[in-house]
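Chains as they are written, first to last, in the numbering used here: chain F, 1 to 494; chain G, 1 to 524.
Positions of the beta carbon are idealized from the N, C-alpha and C atoms, including for glycine.
Please read these numbers as outputs of a predicted model, since none were measured by experiment.
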């Protein structure tokens, strides 16, 4: 149960950065360069895996301070179960995404591949830093690094559409962080004298008991909307715009790394800056729950109306991200468990869906759902994975999404809130409405050429990773014990 | 006067050496014939000055607010006028900033200046002496002499080596600064008549009458507000920046603007605390106007230099805001913001100079889509642009954060109004960056289409920018040493200021009722 101060945790953050440098250095030799990305991903995940046992799983922590700017404002790192779970998920999926990227980028002969891989690795580096942040400043630092470094990825195609999308992307993210997060940090520092997270548990935050209520409420909402990467309405619109990026970017970054940095940050701030007791005494939890409920339902409705597969997935992501916040906002052990475990569950399922969209695009050049009739016969493994991931999104047992919904539903009953339970049920129904037609449609008609498209080597490099992620999302639905145990360490402190 | 000074930090007169080395170097230029050797000589002299200034940092005693490295020589005993110099925690950083920026000014003019090189270097070196002189003077007359001495070489830099509208810009610069500084002279004479001394530390903490303070304050503040420049007196700055040669812009941005902030801190706060107190709401309002207005205007510019010039107005608004919220965080933030602005904006002007040498245009459109051709340049540009918008981890963030902290602890409203300025900074810098690096990359011609075309940075340019990059991250991640150096002096300043107000309140019951309310505000 002790905290170990060690510089070793910097290794995990540095590995993706080193991989990025490797990629830049070997830009002229594509095989060596792409191998560097995969090796970097494997090593990053390995370094995280070594931290789980015995230290983290027994409730211990790692911490390390790199720089002190002014007293109470540091660049310092702290690893607990929550951060490790997020970092582990992101880095594990990076391995598969790195393999997938090779198939995608070479399959489409994309330009500027070195820049692409460089930014890709650097974005993961930013996510690792955010996951391990010990205070709001470090979190903000890495949050902003992720914003900036993903900009070239969104603008990758360098055409009008890409510029428009990336402009929207950066305006939303930068505006919210500057306009809301910056004053929030100044106010928190002024009020508390520090920006460090409370590390002893999630019951109490860092605010003193006599802090002005109006100030706390104001700061809370500044934080909630300041982390626009969580795509809570009305600051969600950057996410669909970011879909102009190549699909591997949408898959790893806009389903896992970037957006999860947003929800992770909000969860962290809610639990470790404000604390469960303060939030519930000011009823901020419930208000937040209603705000994100609106996002869940509205985003699902919009998803129904989209016929572009990636756009539909983007709105689905907006809606699913809000589940995580909903869980945390209900402030009961069950609901927090459901919310936080969804960081991992959603990651595996949604990356599968995006991988499928990308594989279909590379193999058939089809983006629109209406054109995909019969694709299931050409790409059976892809569509099988798509089906499994859809089930997870809908929340059908035994796929991982079920675990989330189960705990969230328990949470709504803990606080006896039928409205939120209804939201869960309705949204599950909506999920089914917009995912089922894609899957069913792909088998609805025999295509003219029923040749299996998955056998070409580059497409195979994409199908294998997406099948692995689909299988894993079933596995963690059946055996969620590890994640539950890690989250329990956190929620037990309430 | 000795109680204010420390003489024995080093055994040689280091401050006088700093002032006179560039002057001697300037005279030495007349004995050199080869243009190349002149440039080498100029670089050597500025580097030598920078080296001489290093002991200031290493031998500085940061545990006292006294003026250190002091030198006092008799000058005009009949009017009690001495040559007295010294530095404290407030001026030391500005002196070092000056000595370190000057070699870069010569490096960035290496190919840019192709006529009258001797005269150019002469002006630069005289400029350096005068600027150092302003920061180290402990005597109002000496201060004023150096203050005015900066004017002529700067005027010449713009008027001789400037761009197409150099006449307009240089005259405007000259008139604005000259007229405003005449008022400074009036204030200096008034202070002398009232107290019989020119020695700045002796002028501080005196219990002048309120009406006297107000007049002195207004006279000084006008001079400093033009220099810094504060809205609505800023209009000379974009003109001067746009027309000045690169080195001129760098000197203007990095050092000259800091004179205003330094003047406010050195003169207005400790000498006329009551008047400062009375004017604080207006000054904060003007600072906020500078922040918002500067940022807003920067957003609409198509001339890169103009954009950076307006961004300077915004950044300097943060400096004056920090000064006039009158708490430790605010003033420290303002000091740090001045240093950071010197580094970052200086670097941005060097970047613009580099691209101007290649394309002969300062238009964003002409200089767009550089990413493909000049990756190293674009990397540096990115770093300095991010620094300019106060990206966390870079130098400007620390300064801006401290200023915001000071603003929020003074009043939530003031803080809230300053925030859009920070948002605007992100907007105009990212717009500039996006266009210069990416936009229209479907192959348009750069420059005049001559053979030279676009080529990436050479070693000289890389070194110039790399040197500044080090400071961007060093201050951004480890500002503690700088904050420690100024800590004691700023605490002393605030004590002086608060004493000045409480004495006045005790001594005259009939004083403005509002002042007492203000005092409670400060204390609370």
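Within the segment 168–201 of chain F, contact with chain G at the beta-carbon level (separation under 8 Å) is assigned to 170, 171, 174, 175, 178, 179, 182, 183, 185, 186, 187, 189 and 190.
DSSP places residue 66 (chain F) within a strand segment (E or B) once states are collapsed to three.
The closest CA to that of residue 267 (chain F), considering only F:298, F:255 and F:202, is found on F:202. With a threshold of 9 Å between beta carbons, residue 141 (chain F) makes contact with chain G.
In summary, the residues of the segment 476–488 of chain G whose CB is separated from some CB of chain F by less than 7 Å are 477, 478, 479, 480 and 483, in the order they occur in the chain. From the beta-carbon of residue 409 (chain G), the residues of chain F found nearer than 8 Å are 190. Taking a beta-carbon distance threshold of 9 Å, residue 231 (chain F) does not count as an interface residue toward chain G.
If you ignore the 5 residues before and after residue 69 (chain G), its C-beta comes within less than 7 Å of the C-beta of 9, 10, 14, 15, 56, 86 and 87, all in its own chain and listed in chain order. For residue 85 (chain G), there are no C-beta contacts with chain F under 9 Å, since the nearest C-beta of that chain is about 31 Å from it.
If you ignore the 5 residues before and after residue 500 (chain G), its C-beta comes within less than 7 Å of the C-beta of 205, 273 and 274, all in its own chain and listed in chain order.
A residue is called buried once 16 or more other Cβ atoms fall within 10 Å of its Cβ, and residue 34 (chain F) is buried on that count. Neighbours of residue 423 (chain G) across chain F, judged by C-beta separation under 9 Å: 174, 175, 178, 179 and 182. Per DSSP, the beta bridge partners of residue 79 (chain F) are F:62.
Fewer than three pairs of CB atoms, one per stretch, sit closer than 8 Å, so the segment 324–331 of chain F makes no contact with the segment 377–393 of chain F.
Within 7 Å of the CB of residue 212 (chain G), no CB atom of chain F is found; the nearest one sits about 36 Å away.
For residue 169 (chain G), the closest of G:240, G:377, G:122 and G:425 by C-alpha to C-alpha distance is G:240. Beta-carbon to beta-carbon, residue 230 (chain F) and residue 263 (chain F) are separated by about 5 Å, close enough to satisfy the 8 Å threshold. For residue 172 (chain F) and residue 110 (chain F), the gap between their C-alpha atoms comes out near 27 Å.
By the rule that beta-carbons nearer than 9 Å mark a contact, residue 249 (chain F) does not touch chain G. Separation of residue 157 (chain F) and residue 444 (chain F) (C-alpha to C-alpha, rounded to the nearest whole angstrom) is 33 Å.
For residue 432 (chain G), the closest Cβ of chain F is not nearer than 9 Å. Look at residue 458 (chain G) here: in three-state DSSP terms it is coil, with no helix or strand label. Judged by DSSP secondary structure, residue 253 (chain G) falls outside any beta strand (DSSP E); it is assigned neither H nor E. For residue 474 (chain F), the secondary structure class from DSSP, reduced to helix, strand or coil, is helix.
By the neighbour-count criterion, in which 16 or more other beta carbons inside 10 Å mark a residue as buried, residue 167 (chain G) falls on the exposed side. As summarised for the segment 351–391 of chain G, there are no continuous beta strand (DSSP E) elements at least 3 residues long confined to that stretch. The way I'd put it, the segment 45–60 of chain F does touch the segment 84–99 of chain F; three or more beta-carbon pairs between them come closer than 8 Å. DSSP places residue 87 (chain G) in the strand class (E or B) of the three-state scheme. For residue 71 (chain G), the enclosing beta strand (DSSP E) stretches over residues 68–76. Residues of the segment 63–90 of chain F with a Cβ closer than 7 Å to any Cβ of chain G, in chain order: 67, 68, 69, 70 and 75. Within the segment 128–142 of chain G, not one residue has a Cβ closer than 7 Å to any Cβ of chain F.
Here residue 5 (chain G) is bridged, per DSSP, to G:67. According to DSSP, residue pairing for residue 308 (chain F) in a beta bridge involves F:368. For residue 3 (chain F), the pairing in a beta bridge is given by DSSP as F:61. The way I'd put it, the segment 242–249 of chain F does touch the segment 95–114 of chain F; three or more beta-carbon pairs between them come closer than 8 Å. Within chain F, the residues placing a beta-carbon under 8 Å from that of residue 398 (chain G) are 69 and 70, ordered along the chain.
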